[in-house]
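Residue numbers (UniProt numbering): 1 to 154.
Inspection log for the structure reproduced underneath, given as structure tokens.
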């Protein structure tokens with residue numbers, strides 16, 4: 001995802017507890033945590049239909065629910081990284097089970113505003129057309145154009 005981010009940028013959705021964004025293949029989540037946090041202090045669960053982030057000693061989860069779309073759990077990862085001198089962040093990279101699916105929230109029941117959703121869709125369309133134009137020849141140009149049309153309808 002980093003390569004695309006550098007070229008076209010992404011649309012970040014910020015909540016009180018975390019920030020998330022998406023590309024056609026992935027959803028990236030960033031959760032700020034105190035600088036003293038260690039990996040063993042955290043419980044991070046990534047399943048096809050569950051995303052959970054919490055401190056082991058705290059009954060209240062930071063994130064806990066069913067992802068907006070299905071996740072390829074075995075291809076998803078999380079890391080704990082230094083953010084600055086005062087904070088770290090839990091970085092989660094979720095692989096979408098359905099590529100090109102536009103998530104309208106990180107979790108089912110969450111909803112982003114229509115302007116942000118439109119901006120995300122535009123970035124994903126740009127990513128899709130950029131990928132297609134950089135490949136030598138689309139597998140099937142007719143289906144590629146049909147996919148572009150279907151993406152515009154959503």
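Glycine included, each C-beta is placed from N, C-alpha and C at the ideal position.
Inspect the CB distances between the region 68 to 82 and the region 38 to 57 and report whether three or more fall short of 8 Å. yes
For residue 5 and residue 19, I'd like the C-alpha separation in whole angstroms. Confidence in residue 5 is poor, its pLDDT being 43 and thus under 50, which makes the residue's placement unreliable; the coordinate value appears in the next sentence. Computed Cα separation, rounded: 15 Å.
At least 3 beta-carbon pairs within less than 8 Å: the region 23 to 37 vs the region 82 to 93: yes
Through-space distance from residue 130 to residue 10, alpha-carbon basis: 14 Å
Where does residue 91 sit, in a helix, a strand or coil, going by DSSP? It is a strand residue.
If you draw a straight line from the C-alpha of residue 97 to the C-alpha of residue 63, how long is it? 20 Å
Please state the DSSP three-state secondary structure of residue 126. Taken through DSSP and simplified to helix, strand or coil, residue 126 comes out as helix.
Option nearest residue 54 by Cα separation, candidates 26, 67, 17 and 108: Taking the Cα of residue 54 as reference, the smallest distance to any Cα among 26, 67, 17 and 108 is reached at 17.
Excluding the 5 residues flanking residue 91 on each side, which residues of the same chain have their C-beta closer than 6 Å to its C-beta? 30, 79 and 81
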